[in-house]
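Worksheet: one structure, shown below.
Residue numbers (my numbering): 558 to 805.
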C-alpha cells in the first residue's frame, strides 16, 4: 500500500457511518499490507461488552476462545500496549513485560495455532478514556518490511480515531477551570490521596481553608465525592498515575 492508497483509506474511514463500514475498509487496507488479521479495540470492551466501548476484529475462532477463556485479562499485547507509547512487534512483548507468565506464554502459542503467528500492535491512549490499541497479525513468521509497518501504524491511528468518533468519544471534553495556584495545589495533593489535615500542613493553611477549597473543587467539576478527584486530575494532566498509585 503506497502512501497515496493510505490517503484514500483515510478519506474512506472518515466517511464511515458505522463500525461495519469502518472495519470493512480497514480490513481491506490491512490485507493490502499483508496483515490480514486486524483488531481495533478499547480494553474496557471486554469487561463491559455491549456498552459504548468498541471492539472490532476478524479473529473468528480465536476471538471466541480469547473471550471465553478470559485471555483479555492477561493478554501480552493488551498489557504491553499500556507500557509503551510506540508500536511494537510481538517478539518484543516479553521484554516489555519483563517476562511472560505461563498463561501469557500459552496465549501466544494458542494465537499462533489459530493463525496469528506474528503481529504488530499500536498502543493508543487518550487521557480520561479507556486505553486501547490496533493490532495487525499474520500467519507468517516475519512481519512485512519496516516501511509497510510504518504505514500500518499511521493507519491504526486513523482507524482508532474514527472508532472513537462513531462511539461518541470524547463525550464531553474535560476542561480544567481557572484555579488559583493554592486551589490547584490543593487539587493535586487531594488527587494524590492526602487528607485535609495533611494538605493543611503541607500548604501551611488552616483546615477550614482546605475544606473550602475542596468544596469549591467539587462544585467546579460537578462531583459529589473527593474520591472522584484522582480520575479528573489524571484526565486534566495534573498528576500522573505513579503519584496516585505508586508502583510497588
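Ideal Cβ placement from N, Cα and C applies to all residues, glycine included.
query: Buried or exposed: residue 787, going by 16 or more other Cβ atoms within 10 Å of its Cβ?
result: Of the other Cβ atoms in all chains shown, 16 or more fall within 10 Å of the Cβ of residue 787; this residue is therefore buried.
query: For residue 641, is the classification buried or exposed, using 16 other Cβ atoms within 10 angstroms of its Cβ as the cut-off for buried?
result: Residue environment for residue 641: exposed (fewer than 16 other C-beta atoms within 10 angstroms of its C-beta).
field: Three-state class that DSSP yields for residue 598 in the structure shown
entry: Three-state result, residue 598: strand.
Opposing strand residues paired with residue 789 [DSSP bridges]: Paired residue(s): none; residue 789 is not in a bridge.
- request: Identify every residue that forms a DSSP beta bridge with residue 702.
  value: According to DSSP, residue 702 bridges with nothing at all.
task: Return the CA-CA distance between residue 754 and residue 764, expressed in angstroms with no decimal places.
output: Rounded to whole angstroms, residue 754 and residue 764 show a C-alpha spacing of 6 Å.
query: Count the other CB atoms within 10 Å of the CB of residue 776; is the residue buried (16 or more) or exposed (fewer)?
result: Exposure of residue 776 is indicated by the presence of fewer than 16 other C-beta atoms within 10 angstroms of its C-beta.
query: Taking the alpha-carbon positions, what's the residue 781 to residue 802 distance?
result: Distance from the CA of residue 781 to the CA of residue 802, rounded to the nearest whole angstrom, comes to 22 Å.
field: Assigned secondary structure, residue 616 (DSSP; H/G/I helix, E/B strand, else coil)
entry: Reduced to three states, the DSSP call for residue 616 is coil.
query: Under 8 Å between the Cβ atoms of residue 793 and residue 741?
result: Contact: no.
Where residue 662 falls, given that 16 or more other Cβ within 10 Å makes a residue buried: So residue 662 ends up on the exposed side.
task: Since I believe residue 713 is in contact with residue 679 (beta carbons under 8 Å), could you give me their beta-carbon distance rounded to a whole number of angstroms?
output: Confirmed, Cβ separation roughly 4 Å.
task: Excluding the 5 residues preceding and the 5 following residue 749 in the sequence, name in chain order all residues of the same chain whose CB lies nearer than 7 Å to its CB.
output: Excluding residues up to 5 positions away in sequence, 796, 800 and 801 lie with their Cβ nearer than 7 Å to the Cβ of residue 749 in the same chain.
field: Sequence ranges, beta strand (DSSP E) only - wholly within the region 655 to 697, length at least 3
entry: Restricting attention to beta strand (DSSP E) runs no shorter than 3 residues, the region 655 to 697 encloses them at 675 to 681 and 689 to 695, ordered along the chain.
query: residue 612: buried (16+ other C-beta within 10 angstroms of its C-beta) or exposed?
result: Residue 612 comes out buried.
task: State the Cα-Cα distance for the pair residue 691 and residue 675, rounded to the nearest angstrom.
output: For residue 691 and residue 675, the distance between alpha carbons rounds to 14 Å.
task: Alpha carbon to alpha carbon, how far is residue 766 from residue 759? Give it in angstroms, no decimals.
output: One Cα belongs to residue 759, the other to residue 766, and the distance between them is close to 13 Å.
message: DSSP three-state label for residue 797, please.
response: DSSP places residue 797 in coil when its eight states are reduced to three.
message: Spatial neighbours of residue 660 within its chain, please: C-beta separation below 6 Å, excluding the five flanking residues on both sides.
response: Closer than 6 Å at Cβ, skipping near neighbours: 631.
Bounding residues of the alpha helix (DSSP H) (the contiguous stretch that carries residue 775): 764 to 778 is the extent of the alpha helix (DSSP H) around residue 775.
message: Checking the sheet assignment: what are the DSSP bridge partners for residue 646?
response: Residue pairing of residue 646 in beta bridges, as defined by DSSP: 677.
task: For residue 717, count neighbouring Cβ atoms within 10 angstroms of its own Cβ and tell me buried if that reaches 16, exposed if not.
output: Classification for residue 717: buried.
message: Spatial neighbours of residue 736 within its chain, please: C-beta separation below 7 Å, excluding the five flanking residues on both sides.
response: 744, listed in sequence order.
message: Does residue 745 come out as helix, strand or coil in the three-state DSSP assignment?
response: If DSSP states are grouped into helix, strand and coil, residue 745 belongs with the helices.
- request: Could you tell me which of 578, 769 and 706 sits nearest to residue 592, measuring between CA atoms?
  value: Of the candidates 578, 769 and 706, the residue whose Cα lies closest to the Cα of residue 592 is 706.
query: Which class does residue 610 belong to by DSSP, given the choice of helix, strand or coil?
result: Reduced to three states, the DSSP call for residue 610 is coil.
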